[in-house]
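Peer 1: Start counting the sequence shown at 0; every next residue gets the next number (numbering that gives the first Met the number 0). Yeah, the Cβ is synthetic: ideal placement off N, Cα and C, and Gly gets one too.
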Amino acid sequence: MMTKITSQIKFIGGTLSLVIVAIVASVIYINQKSKNDSIVVNIAGKQRMLTQKISKEVFRLKTAKDIDLSELNEALALFDKNLKSLIKGDKKKGIFSPPTQEIKEQLQKVEELWIQFKKRVKKFKELILKIEVKKSFVITKNEQLLKISDRVVKEMVNLNIDPNFVDIAGRQRMLSQRMIYFLLLYLNDPEPKYYKEFYETLNLYDSTLKKFITIEKNSLKNILKENNKFWQDYSAYLKDLIELQKELNSIVNYIYQFNNVLLNGMDQAVSMYAIYSQKQRTLLENIENTLAFIAFLIIFYSYFLIRNIQKHFEKFLEKSKTFIVFDKEHKVCENGDEFTIASKRLESFIQEVDRMIIDAQKAIKTSEYLAKELSDVSEIFEKNVKEKGKIEKYLNRSEDIAIQSLEDLEKSAKLLQKLHENLSNILKETKK
Numbered sequence: 000m001m002t003k004i005t006s007q008i009k010f011i012g013g014t015l016s017l018v019i020v021a022i023v024a025s026v027i028y029i030n031q032k033s034k035n036d037s038i039v040v041n042i043a044g045k046q047r048m049l050t051q052k053i054s055k056e057v058f059r060l061k062t063a064k065d066i067d068l069s070e071l072n073e074a075l076a077l078f079d080k081n082l083k084s085l086i087k088g089d090k091k092k093g094i095f096s097p098p099t100q101e102i103k104e105q106l107q108k109v110e111e112l113w114i115q116f117k118k119r120v121k122k123f124k125e126l127i128l129k130i131e132v133k134k135s136f137v138i139t140k141n142e143q144l145l146k147i148s149d150r151v152v153k154e155m156v157n158l159n160i161d162p163n164f165v166d167i168a169g170r171q172r173m174l175s176q177r178m179i180y181f182l183l184l185y186l187n188d189p190e191p192k193y194y195k196e197f198y199e200t201l202n203l204y205d206s207t208l209k210k211f212i213t214i215e216k217n218s219l220k221n222i223l224k225e226n227n228k229f230w231q232d233y234s235a236y237l238k239d240l241i242e243l244q245k246e247l248n249s250i251v252n253y254i255y256q257f258n259n260v261l262l263n264g265m266d267q268a269v270s271m272y273a274i275y276s277q278k279q280r281t282l283l284e285n286i287e288n289t290l291a292f293i294a295f296l297i298i299f300y301s302y303f304l305i306r307n308i309q310k311h312f313e314k315f316l317e318k319s320k321t322f323i324v325f326d327k328e329h330k331v332c333e334n335g336d337e338f339t340i341a342s343k344r345l346e347s348f349i350q351e352v353d354r355m356i357i358d359a360q361k362a363i364k365t366s367e368y369l370a371k372e373l374s375d376v377s378e379i380f381e382k383n384v385k386e387k388g389k390i391e392k393y394l395n396r397s398e399d400i401a402i403q404s405l406e407d408l409e410k411s412a413k414l415l416q417k418l419h420e421n422l423s424n425i426l427k428e429t430k431k
């Protein structure tokens with residue numbers, strides 16, 4: 000039974016220790032996993048923000064006076080870096096590769112969308128820089144076109160050209176400003192009507208200038224040649240600029256529409272991460288609750304085991320008491336034999352004491368006899384010895400010794416008699 004109870008105690012102790020270690024480990028793992036999941040979900044959620052920031056920067060730069068691509072470049076680089084970390088993992092940041100195939104496939108879809116999106120944004124950056132340079136050029140050179148057009152009008156007036164030509168030449172000055180007006184409108188707002196108005200104005204200016212070239216006036220002809228040469232270069236810039244803007248508008252429109260596709264793809268990936276994290280956390284919590292329940296069962300079982308041990312211990316005490324009573328009875332029997340032996344020895348000792356008492360009585364009689372004889376000798380010496388001083392001294396001392404010895408013997412005899420009486424009483428008690 001003791002071996003069985005000991006084994007049970009060891010089993011309970013070992014199991015309970017393992018359960019406690021498992022609970023502690025699960026708590027630590029849950030906390031660490033929650034931390035890692037929070038990092039991943041945070042980065043995945045940040046990707047959604049970056050899609051909107053990139054789109055916002057694109058729309059801002061489209062109409063900005065000063066082109067600063069730093070914010071856009073930073074957002075692009077961060078999105079690209081985070082996406083690679085989510086797909087391949089980054090131990091330094093505490094990011095692990097996708098935990099499920101479903102999440103991995105979704106991130107790969109996002110990566111495909113991102114490649115297309117990034118390609119358009121990269122093209123947007125190239126175009127916006129080109130447009131900025133060309134826009135600055137056409138605005139600056141537009142004043143020169145206006146001046147040349149004005150010189151044509153003035154020269155026609157000086158040459159008394161037909162007023163209809165003068166009127167048309169004056170319209171050229173207006174057209175030089177109108178085409179820039181619609182161009183700038185289109186640069187800020189991609190309305191098709193602005194694009195149409197721009198080209199109608201540009202074509203009208205070009206066709207009118209071609210009519211003026213036919214005029215055979217040397218002074219006017221030279222100005223018109225200069226006007227035409229400048230116009231050919233300038234109009235090419237104007238056309239190139241508006242076509243770049245048209246392409247840019249197309250890219251911006253693509254970004255506007257595709258932005259939501261990329262956002263939804265990233266949002267779906269975030270949801271998958273969140274759902275997976277919640278499932279894992281629920282599973283770990285269930286395991287933790289199960290371990291806690293097992294620990295409770297072990298504690299409950301331990302209580303009954305202790306009660307059982309207590310009952311066995313009480314039975315053990317009862318049996319021990321029985322053994323103790325039996326042992327006492329056995330010892331009493333053994334003590335009876337010992338008393339018999341002791342009684343015999345005591346009888347022998349009493350007999351020795353009796354002999355000693357007899358010897359003491361004989362010694363007393365002998366001492367009395369010697370004392371008497373010594374007294375007689377003293378009387379004889381007193382009568383016959385002349386120098387009796389010294390002898391008397393020795394005789395007196397001898398008498399004293401004899402008397403003292405006699406008294407000591409009498410005391411010893413009395414003590415031996417008392418010892419004899421006590422031992423006799425003890426012997427009587429042992430025989431009862």
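Could you tell me which residues DSSP pairs with Ile94 in its beta bridges?
Peer 2: Partner(s): Asp89.
Peer 1: I'd like the list of long-range same chain contacts for Lys103, defined as Cβ closer than 8 angstroms, with 5 residues on each side in sequence excluded.
Peer 2: Here the set comprises Ile86, Ser96 and Pro97.
Peer 1: Under the three-state reduction of DSSP, which class applies to Thr213: helix, strand or coil?
Peer 2: It is coil, neither helix nor strand.
Peer 1: Report all residues from its chain with a CB closer than 7 angstroms to the CB of Gln100; omit the five preceding and five following residues, and keep chain order.
Peer 2: Contacts found: none.
Peer 1: Check whether the stretch 226-236 touches the stretch 104-124, taking contact to mean three or more Cβ pairs, one atom from each stretch, closer than 8 angstroms.
Peer 2: Counting Cβ pairs under 8 angstroms, fewer than three are found: no touch.
Peer 1: May I have the straight-line CA-CA distance separating Ser84 from Ile293, to the nearest angstrom?
Peer 2: Taking the straight line from one Cα to the other gives about 40 angstroms.
Peer 1: If you count every other CB in all the chains shown that lies within 10 Å of the CB of Met271, and 16 or more means buried, which is it?
Peer 2: Classification for Met271: buried.
Peer 1: Does the Cβ of Tyr433 have 16 or more other Cβ atoms within 10 Å, making it buried, or fewer, making it exposed?
Peer 2: Residue 433 lies beyond the residue range present for the chain, which begins at 0 and ends at 431; the question has no answer from this structure.
Peer 1: Taking Cβ positions, are Lys216 and Leu145 nearer each other than 7 angstroms?
Peer 2: No. Outside cutoff.
Peer 1: Taking 8 angstroms as the threshold, find out whether the stretch 191-211 comes into contact with the stretch 163-171 through three or more Cβ pairs.
Peer 2: Yes, the stretch 191-211 touches the stretch 163-171.
Peer 1: Tell me where the alpha helix (DSSP H) around Ser141 begins and ends.
Peer 2: One detail in the question is off: residue 141 reads as Asn in this sequence, not Ser. First-last of the alpha helix (DSSP H) with Asn141: Gln100 to Asn157.
Peer 1: How should Leu282 be labelled, buried or exposed, when 16 other C-beta atoms within 10 angstroms of its C-beta is the threshold for buried?
Peer 2: That one is exposed.
Peer 1: Report yes or no: do three or more beta-carbon pairs, one from the stretch 232-248 and one from the stretch 133-143, lie closer than 8 angstroms?
Peer 2: The stretch 232-248, when compared against the stretch 133-143, does touch it at the 8 angstroms Cβ threshold.
Peer 1: Buried or exposed for Met0, please, with buried defined as at least 16 other CB atoms from any protein chain shown within 10 angstroms of its CB.
Peer 2: The predicted position of Met0 is uncertain, since its pLDDT is 47 and thus under 50; a value taken from the coordinates is nonetheless stated next. Exposed: under 16 other Cβ atoms inside 10 Å.
Peer 1: Let me confirm a value: Gln143 is counted as buried when at least 16 other C-beta atoms fall within 10 Å, else exposed. Which label applies?
Peer 2: Per the 10 Å Cβ criterion, exposed.
Peer 1: Nearest-angstrom Cα distance between Val260 and Lys140?
Peer 2: For Val260 and Lys140, the distance between alpha carbons rounds to 42 angstroms.
Peer 1: How big is the Cα-Cα spacing for Leu414 and Lys343?
Peer 2: When rounded, the distance between both Cα atoms is 22 angstroms.
Peer 1: Using 7 angstroms as the threshold, is the C-beta distance between Thr213 and Met178 below it?
Peer 2: Against a cut-off of 7 angstroms, the Cβ pair of Met178 and Thr213 comes out as no contact.
Peer 1: How is Leu414 classed by DSSP in three states: helix, strand or coil?
Peer 2: Looking at Leu414 - three-state DSSP - the assignment turns out to be helix.
Peer 1: In the DSSP assignment, find the unbroken alpha helix (DSSP H) run with Asp166 in it and report its ends.
Peer 2: Run containing Asp166: Pro162 to Asn187, per the alpha helix (DSSP H) assignment.
Peer 1: What number of angstroms, rounded off, separates the C-alpha of Leu296 from the C-alpha of Thr14?
Peer 2: Computed Cα separation, rounded: 11 angstroms.
Peer 1: Going along the chain, which residues of its own chain have a beta-carbon closer than 7 angstroms to the beta-carbon of Glu111, five neighbours each way excluded?
Peer 2: If we look at Glu111 and ignore the five residues flanking it on each side, it has no Cβ neighbours.
Peer 1: Buried or exposed for Asn288, please, with buried defined as at least 16 other CB atoms from any protein chain shown within 10 angstroms of its CB.
Peer 2: Counting Cβ neighbours within 10 Å, Asn288 comes out exposed, since fewer than 16 surround it.
Peer 1: Please look up how many angstroms separate the CB atoms of Phe78 and Gln46, rounded, as I've assumed it's under 8 angstroms.
Peer 2: Phe78 to Gln46, Cβ: 6 angstroms. Contact.
Peer 1: Could you tell me the alpha carbon to alpha carbon distance between Tyr180 and Ile138, rounded to whole angstroms?
Peer 2: Distance between the alpha carbons of Tyr180 and Ile138 is about 10 angstroms.
Peer 1: If contacts are defined as beta-carbon pairs under 8 angstroms, then Leu240 and Ile130 qualify, I think. What distance do you get, rounded to the angstrom?
Peer 2: Rounded, the Cβ-Cβ distance is 6 angstroms, consistent with contact.
Peer 1: Can you give the beta carbon distance from Leu208 to Asn226, rounded, assuming they're within the 8 angstroms contact cut?
Peer 2: The Cβ separation is near 6 angstroms, so the contact holds.
Peer 1: Using CA atoms only, rank isn't needed, just tell me which of Gln279, Phe257, Gln416 and Lys410 is closest to Gln51.
Peer 2: The shortest C-alpha separation from Gln51 is found at Phe257.
Peer 1: How would you label Ser175, buried or exposed, when you count the other beta carbons within 10 angstroms and need 16 or more for buried?
Peer 2: It counts as buried.
Peer 1: Measuring only the C-alpha atoms, how far is Ala268 from Lys238?
Peer 2: Roughly 44 angstroms between the two C-alpha positions.
Peer 1: Report all residues from its chain with a CB closer than 7 angstroms to the CB of Tyr185; omit the five preceding and five following residues, and keep chain order.
Peer 2: Tyr193, Tyr194, Phe197, Ile241 and Gln244, listed in sequence order.
Peer 1: CB-CB under 8 angstroms to Glu190, same chain, minus the five flanking residues each way: which ones, in chain order?
Peer 2: So the qualifying residues of the chain are Leu184.
Peer 1: Would Asn81 and Ile42 be called neighbours here (beta carbons separated by less than 7 angstroms)?
Peer 2: Cβ distance < 7 angstroms, so Asn81 and Ile42 count as in contact.
Peer 1: In whole angstroms, what is the alpha-carbon distance linking Gly88 and Leu49?
Peer 2: So the alpha carbons of these two residues sit roughly 19 angstroms apart.
Peer 1: How big is the Cα-Cα spacing for Cys332 and Asp353?
Peer 2: Confidence at Cys332 is low in this model, with a pLDDT of 45, below 50, so its placement is unreliable and the value that follows should be read with caution. Roughly 32 angstroms separates the two Cα atoms.
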